[in-house]
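Structure first, commentary second.
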Amino acid sequence: MMTTPSQQYGNANGNGTANGNSNNNNTVLASGHDMLAGHLYHVGFVGGHHSDMILRVQLNGSAATANTTSAHATNPNTAGAVTGGEGSVPPSAAAAAVDVSVPVSVSAADGAPSAAPATTAGAAPPTPPVEAVFKLHKLLAVRSPVLAAMLHDAELRNAASSSEGFVSSPILEISLVAADPSITHEGLSIALGSLYADYSRAILAANHLDPRLLKSVLSAAIFLLLPDLAATAADLIKRDISRASLKEYCAFVSNSQQQQHHHHLSDSSPTSSIANSASPVGSGAPSGSPLTTSWILEIRDAIFVFLCKGLAREISEKTLTPQIWGNKSGDAYRDLVAAFSELPFEWLKKVIESTAFDVPNDMERFSFAKEVVARRARKHRESSGKDGLVAGEENVLMSFGSGRPGASGVTIVRKAVKLPTPQQQHLQQQIQQQQQQQQQQYQQQQYLQYNQQQQYNPHLSYSVVDQYSELQQQLYLQQNLVAQGYAPQERRVWKAGN
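Here the numbering used here = 1-based position in the sequence shown + 212.
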C-alpha cells in the first residue's frame, strides 16, 4: 500500500517539529520554507483557494489528458498533484512515496469539474477537452515569464478601463493557445504546480517514467519558459530511453525539430493578440526559442548515443547473447534488425552511416543495413497491400566504399519520388470529373430506359442496377423496333392484343 507524504514524513506543526512517532528515525523535519511551500501548493494550487486569476489553455494535442490513477480530486488544478497535509513534504525530499490525483477538466458550459476517464495501458488516449482551466495566483504565476508578460498587459488594460469609468473584475482571465500536440492537461498541471512548490520530480517518479507524461511536462515547461522544470523532465527522458520507448522519443524529437524549422521559415515572433479586455490570448514560448532548441538537442544526442551503443548492449543483456554480430540467425541479431527497421529514415541513415555505430567493420555494417532495409520494404509492402514499394517511403539505395572523410563506407539514400506537376494534377482532376459526369449520365439513362420499357411491356421489370451488357441489349432492341416502323404506342397495343 502506497503511503502518503504525511504518513512518510509526519505532519509538521508551526514550530517546525514533527508530530506523530517521534522515535521514528525516518521522520524528516520540515523547515519553515518547506512548510510555506507546502501550504502554497496544497491550499493555493491543489485547493484553488483565494485565487485571483484564471488561466485557460486551448490544447491542440491528441492526448489532452493522460492516464489517471485515482478520482478524489475536487479542483481542476489537481492533475498530478501530491496529496497530503500542508507542509508535510519538504520539496527536496518529495521523491518518496506519493499519491497522484486524477486530472480534472472543467466544462466550458457550466464550469463544473468532472473527472477524466481512466485509460488502460496500451489503449488509445482519450479525446482531448477543448481547453484546460486552472485557478492560479498572480503572485506566483509571475514566476513564468510568459504569464508575467500577459499579466502585465492585462493589468495595464484594466487600469486604462478603470480610468475611463469601467469597473474591472478582480479576477483576471488569461487565455493561451498550446500549439504543441505533446502538451496535455496533466503536463500543464505539473508545470503550473512547480510555480508553487518543487514536487515535479516526485510526481514524475510516481508515474514510473511514463513517456507521454515526460514529453508533456517538458513541452509544458518550454511553453511556459520554466528552465528548471525543463531540465528535470529532459533528464528523466534521457534516463528513460530504452528499446520500448525508443520509437516514441525519436518521433518526439523529429516533430519538435520540424516545428522549429517551420518557425524559422515563417519568421514568426512571439506575439500575443488581445481577444477582449478581460481575456488576452497568447501563444506561449516560440517553438524556435533557445530553451526549446537546447533540451531537444540534448535528447536527440542521448538517443543517438543509445542507438549507436546502448541498444545493442540492452538486447545482448536481455537475450543473454555475449556477441550479436556474426550470428545473423540469432535472436539478438534479429531483434536488433527489427528495432532499427522501426526507426524514421533520418535516424536510420544517421546512425548506420556514423563511425560511432558500434559494429565490427564496414562489411558487417553493409550487411546489417541491407537486412534492415529489406525488412522495412517488406513491412511497407504488407501494410500497403501492393506488390511495389510505397511511394516516397521505401525507395532506398546503398553504396559501399564511398570513402568520405570522417564517415563509414556505407551510405543509405532515399530515391526521390517524382510527384505529379500541377498541370498533371489538374489534368487528373479533369479526368476524374469527366468520369463522374459520365457515371451520372449513365445512371440517368438507366432510369429513362427503365421507364420506356415499362411503357412497352408492363410485364417487363428491369432493375436500375442491372448489368451494363443487359441494358445495352435492351437499347439495341428498342432501336431495331423503331427502325422497323414499330412506334412505342403501336407496340404496346399489339402486345395487349396478344
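Quick reminder that beta carbons are idealized off the backbone N, C-alpha and C, glycines included.
Three-way DSSP call (helix, strand, coil) for residue i in this model
i	result
Leu421	coil
Ile432	The sequence shown places Ala at residue 432, not Ile. Ala432 falls in the helix class under three-state DSSP.
Lys459	helix
Arg626	strand
Leu171	Because the chain here runs from 213 to 710, residue 171 falls outside it and cannot be looked at.
Phe257	helix
Leu769	No answer is possible for residue 769: it lies beyond the span of the chain, which begins at 213 and ends at 710.
Ala568	coil
Lys540	coil
Ile266	strand
Leu438	coil
Leu407	coil
Gln690	helix
Ile527	helix
Leu555	coil
Gln646	helix
Gly600	Model confidence at Gly600 stands at a pLDDT of 43, short of 50, so the residue's coordinates are unreliable; what they give is reported in the following sentence. It is coil, neither helix nor strand.
Ile395	coil
Ile386	strand
Leu348	strand
Alpha-carbon spacing of residue i relative to residue j, whole angstroms
i	j	result
Val625	Lys561	8 Å
Phe435	Gln649	51 Å
Ala230	Ile402	The predicted model places Ala230 with a pLDDT of 38, which falls under 50 and marks its position as unreliable; any figure quoted below should be read in that light. Taking the straight line from one Cα to the other gives about 27 Å.
Thr531	Ser454	15 Å
Gly260	His254	9 Å
Arg424	Ala372	43 Å
Gly542	Glu526	15 Å
Leu438	Thr623	41 Å
Val358	Ile449	24 Å
Ser263	Ala417	28 Å
Leu400	Asp422	15 Å
Ile536	Asp574	15 Å
Ser506	Asp447	12 Å
Leu426	Ala445	6 Å
Ala391	Ser468	11 Å
Pro534	Arg413	36 Å
His638	Tyr662	36 Å
His397	Gln647	48 Å
Gln640	Ser457	43 Å
Leu660	Tyr654	10 Å
Leu252	Ser528	49 Å
His364	Phe346	19 Å
Thr633	Arg593	26 Å
Gln636	Phe464	35 Å
Gly292	Ser595	Here Gly292 scores only 40 on pLDDT, less than 50, and its place in the model is too uncertain to base an answer on.
Phe518	Val258	38 Å
Met247	Lys459	42 Å
Ser356	Lys591	46 Å
Ala361	His420	35 Å
Gln645	Gln658	20 Å
Cys245	Gln470	Per the sequence shown, the amino acid found at residue 245 is His instead of Cys. The straight-line gap from Cα to Cα measures roughly 42 Å.
Met265	Ala524	51 Å
Distance cut-off 8 Å: residue i Cβ against heavy atoms of the ligand MN
i	result
Leu252	Although the ligand MN was asked about, the structure shown includes no ligands whatsoever.
For residue j and residue i, believed in contact at Cβ under 8 Å, the rounded distance
i	j	result
Arg588	Ser553	5 Å
Tyr461	Gly256	Their Cβ separation, rounded to whole angstroms, is 34 Å, which puts Tyr461 and Gly256 out of contact at 8 Å.
Phe569	Cys520	5 Å
Val182	Phe516	The chain is shown from 213 up to 710; residue 182 falls before or after that span and cannot be answered.
Leu267	Ile386	5 Å
Cβ-Cβ distance between residue i and residue j below 9 Å
i	j	result
Asn272	Pro393	yes
Leu388	Asn370	no
Ala366	Val269	no
Phe578	Gly621	yes
Gly538	Glu576	yes
Ile395	Gly405	no
Gln664	Gln690	yes
Asp410	Ala544	no
Trp559	Ser466	yes
Requested in this report: Would you check if there are 3 or more beta carbon pairs closer than 8 Å linking the stretch 542-559 to the stretch 578-585?
Outcome: With a cut-off of 8 Å, the stretch 578-585 and the stretch 542-559 count as touching, because enough Cβ pairs lie within range.
Report task. Assess, as a yes-or-no matter, whether the stretch 507-518 is touched by the stretch 452-468 under the definition of 3 or more beta carbon pairs within less than 8 Å. Result -> Yes: the two stretches touch, three or more of their Cβ pairs being nearer than 8 Å.
Report task. Assess, as a yes-or-no matter, whether the stretch 422-434 is touched by the stretch 341-354 under the definition of 3 or more beta carbon pairs within less than 8 Å. Result -> no
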